């Protein structure tokens, strides 16, 4: 973005990560100019007609301080000629600077900033003096100027040098911050540093390249910097984040005006997510082999050269970031010693944005507050809110004191996370303003055609007395594949259900869907029985429902399931109340299983029956054949000759990118070892002197996103997530560090998942492991329950949860944990027995299911049953349900050595060797480790 003063031709260049950051940069510069030049107020600002320069908050702010906002006539660029000419001059100088050096094209951001500084120091065609002199009143010095890209020898800092070693190191000069401070990059790593000009030695005849010593010249390379004119396809999609950042900066200025000394203590300054340093991103270090870049690739690299993030200066410490903050200053950051601040201004500005952007860089920032004032107590904290994961679109907040972290909350977080980069349109008008309007238009027309085909609408009639008409709205959804690519645009005309009354306007709404545990078992069944698997999608599924009332609104989901169920049962399929979403049909040639999840149908079975089932569905419903199942219920399926891997690498990568943890250094375990000293336990509740995380830190969002991942394909993080979820109402910086540790672990295991291998020997027996972590929460006297059930040595069901009552001994805690495992085991045996018997397969539940436990006293009591005595009188008799199931030959509790009990993974923090052993024991592998 380029700003030009119409009076002095002084210009300022700002590098943007996305166009949504343009307004925040502009507003910050206006505030700075008004503070530095109070005798020269800004009279007017002329903006181009780009979409990023539309903000009602900004217009109101300018009007309140007496600044006129002007826009040129569309497509008449001459009315904004100063900014256009400035861009052209900067482009010409930048091209010359880059072509002179041996730097890659990703260095063009540094060259742009250097070019802008050089232009400020030279006289203009309309003025006899330079813009810098006209603004400051002093003749600028040029003695510090050096050739861009030349070699510079800077002193090595005392801690890094030795008496007999090198005293200087070579860098590449890429500009200056002031006449006394230069900027340079380290050739091997491209890290950006600063140094004092007086301490540096320059060699303007040597031009180093990045990546070490390479005697390769690329001076003959023809490189053109392409700065495309912004069009609709180049604009970033407008988001509420731009408006939020503008409001945040305006509110900060109001605080500064009312408390002039508000920012005297640097430890309390609220840091914006817009980088303070106006520098480009880290340059890419070329590979060993240089190659000439053609014009097309050069243009592409230029577009990737600037990102708004500040490069790593002297270290690899990663900072987690959060969605943008709420308006106003955070609680606990107010200062009490004001000082005077002078407001300054400048003359009219002309602005334009003509630099490429990087759409894949999230425009988020981490707002960190440090203050010792108003230390909160351990009582419930008033106004303990956190911005939601979809704050930028709906401005929602969560109350940490009342939020329930459960499966529903985890799914909601995951859904919002998946849609966060590109929010779905909420109206037809919004669709029309988007670049993909033709696709949405086709989807709307397809929905209207389906409504007509299904005779949804009848003739127009007067509204009967006592009947409440229901409005409608459009809902727009883009269906994605396993790579998060858009495969289909969907538009649905739905009722405004909020206007209906339960029991009056509608009765039943529940529609069963397949759960992820059943889906994992079906995948294991495919592997063990060497079956085929196919995914089909029902087009406009809800329109097939037959109404049992005169209102077709809230009941649509229920009616669709009823319609499908009646049809399949009429064709010979059977289902069971244990798994009402699974329909099975057996014939002489084989069997077929139809697993339903809303409008997605997984068909599993023998080859002949698979084809017959697909044709049966197509004859009644309009279906879309998606071939072999590769993505369902948010899980990615990797089919190999050796087996099937289910993972969520795309979701994991998106989650890391959302929380700005995609560039961190990985760690080998998801949590550090816990200390036996309660005061040193990093996972203890908040202390009296600890501050609760501010609303900007997305603790609940991270917990929800991680919980969804842990429940689907990553049992290895279950205990760590459950442990940190306990502190959702009062999280501290310690707990946020624990969240970041999980992110670091996921960074190194993005492609890890559950592998179900094909085996020649029969190994499809259900096996369970149970364990308890006694006093896992010593501050409340609660223990941890954990279990895992495997099929063919690969997990299909697991759980890690804090026990709801206080166990008085380790034996008591183990009995409670075993009770939870037995309940899950009985349900799994019922599901497996129903599916296998209906399909005519060999039963695997005739024998008791082995559950391994490492507590000898617990196993002994399971053999004896409940005997009221000193050792058992305090234990509720219901927990001896385990012994009853063992006597019925449904389970068999066996002892296992503690070091071999894989359920420890769900109850304890383990050392690296034990952790990796148990992770492998439950069938977890990385994608590139598949046999």
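In the UniProt record's numbering, the protein residues as written are 1 to 931. All residues carry an ideal CB built from backbone N, CA and C; glycine is no exception. Here the structure is a predicted model, which is why all the values come from computation and not from measurement.
Item: Taking the runs of the beta strand (DSSP E) that are 3 residues or longer, which of them lie wholly in the segment 685-764?; Value: 752-757
Item: Among 813, 703 and 783, whose alpha-carbon lies nearest the alpha-carbon of residue 407?; Value: 703
Item: Pull the bridge partners of residue 585 from the DSSP assignment, please.; Value: 592
Item: Name, in chain order, the residues that DSSP records as bridge partners for residue 943.; Value: Given a span of 1 to 931 for the chain in the structure shown, any question on residue 943 remains unanswerable.
Item: Which residue from 604, 593, 172 and 538 puts its Cα closest to that of residue 618?; Value: 538
Item: Grab me the residues of residue 344's own chain with a C-beta within less than 6 angstroms of its C-beta, minus the 5 sequence neighbours each way, in chain order.; Value: Residue placement at residue 344 is poorly supported in this model, since its pLDDT is 39, which falls under 50; the coordinates still yield a value, given next. Counting only Cβ-Cβ distances below 6 angstroms, and skipping sequence neighbours, we find 34, 35, 36, 37 and 38.
Item: Using a 10 Å radius around the Cβ and a threshold of 16 neighbouring Cβ atoms, would you call residue 142 buried or exposed?; Value: exposed
Item: Please confirm whether residue 385 and residue 725 have their CB atoms less than 9 angstroms apart.; Value: no
Item: Are the segment 642-652 and the segment 607-625 touching by the rule of at least three beta carbon pairs closer than 8 angstroms?; Value: no
Item: Between residue 613 and residue 596, how many whole angstroms is the CB-CB distance? I'm expecting something under 8 angstroms.; Value: Between residue 596 and residue 613 the Cβ distance is about 12 angstroms, and since that is not below 8 angstroms, they are no contact.
Item: Please tell me whether residue 891 and residue 794 are closer than 9 angstroms, where the distance is taken between their beta carbons.; Value: no
Item: Is the separation between the beta-carbon of residue 447 and that of residue 479 shorter than 9 angstroms?; Value: no
Item: Under 8 angstroms Cβ to Cβ from residue 132, same chain only, skipping five residues before and after it: list those, please.; Value: 10, 120, 121 and 140
Item: Cβ of residue 115 within 9 angstroms of Cβ of residue 93?; Value: yes
Item: Counting only beta-carbon atoms, is residue 93 nearer than 9 angstroms to chain B?; Value: Annotation note: the requested chain B is absent from the structure, which comprises a single protein chain.
Item: I'd like to know whether the C-beta atoms of residue 771 and residue 853 end up nearer to each other than 9 angstroms.; Value: yes
Item: How is the beta strand (DSSP E) around residue 193 delimited, first residue to last?; Value: 192-196
Item: When burial is assigned at 16 or more other CB atoms within 10 Å of the CB, is residue 66 buried or exposed?; Value: exposed
Item: Which same chain residues end up closer than 8 angstroms to residue 449 when comparing Cβ atoms and leaving out the 5 residues on each side of it in sequence?; Value: none
Item: Does the segment 663-677 come close enough to the segment 735-748 that 3 or more CB-CB pairs lie under 8 angstroms?; Value: yes
Item: Excluding the 5 residues preceding and the 5 following residue 12 in the sequence, name in chain order all residues of the same chain whose CB lies nearer than 7 angstroms to its CB.; Value: 3 and 29
Item: Using only CA atoms, which one of 879, 632, 529 and 626 lies nearest to residue 515?; Value: 632
Item: Can you tell which of 49, 45, 519 and 620 has its C-alpha closest to the C-alpha of residue 63?; Value: 45
Item: To the nearest angstrom, report how far apart residue 791 and residue 709 are at their CA atoms.; Value: 20 angstroms
Item: Enumerate in chain order the residues of its own chain whose CB-to-CB distance from residue 728 is below 8 angstroms, with the five nearest sequence positions on each side excluded.; Value: 400, 403, 405, 699, 700 and 703
Item: Over the uninterrupted alpha helix (DSSP H) stretch that includes residue 838, give me the two end residues.; Value: 810-839
Item: For residue 151, does the three-state DSSP call read helix, strand or coil?; Value: strand
Item: Please check the pair residue 567 and residue 584, which I expect to be a contact at CB under 8 angstroms, by giving their CB distance rounded to whole angstroms.; Value: In fact, because the Cβ distance is near 15 angstroms, the residues do not count as touching under 8 angstroms.
Item: Taking the alpha helix (DSSP H) that residue 912 belongs to, which residues open and close that run?; Value: 912-921
Item: For residue 602, does the three-state DSSP call read helix, strand or coil?; Value: strand
Item: What does the alpha-carbon distance come out to for the pair residue 661 and residue 778?; Value: 31 angstroms
Item: Please report the Cβ distance between residue 851 and residue 895, rounded to the nearest whole angstrom; I am assuming they are in contact, meaning their Cβ atoms lie under 8 angstroms.; Value: Between residue 895 and residue 851 the Cβ distance is about 11 angstroms, and since that is not below 8 angstroms, they are no contact.
Item: How big is the Cα-Cα spacing for residue 582 and residue 927?; Value: 29 angstroms
Item: For residue 384, which of helix, strand or coil comes out of DSSP?; Value: coil
Item: Taking the alpha helix (DSSP H) that residue 134 falls in, what are its first and last residues?; Value: 131-136
Item: Skipping 5 residues on each side, what residues in its chain have a beta carbon closer than 7 angstroms to that of residue 640?; Value: 930
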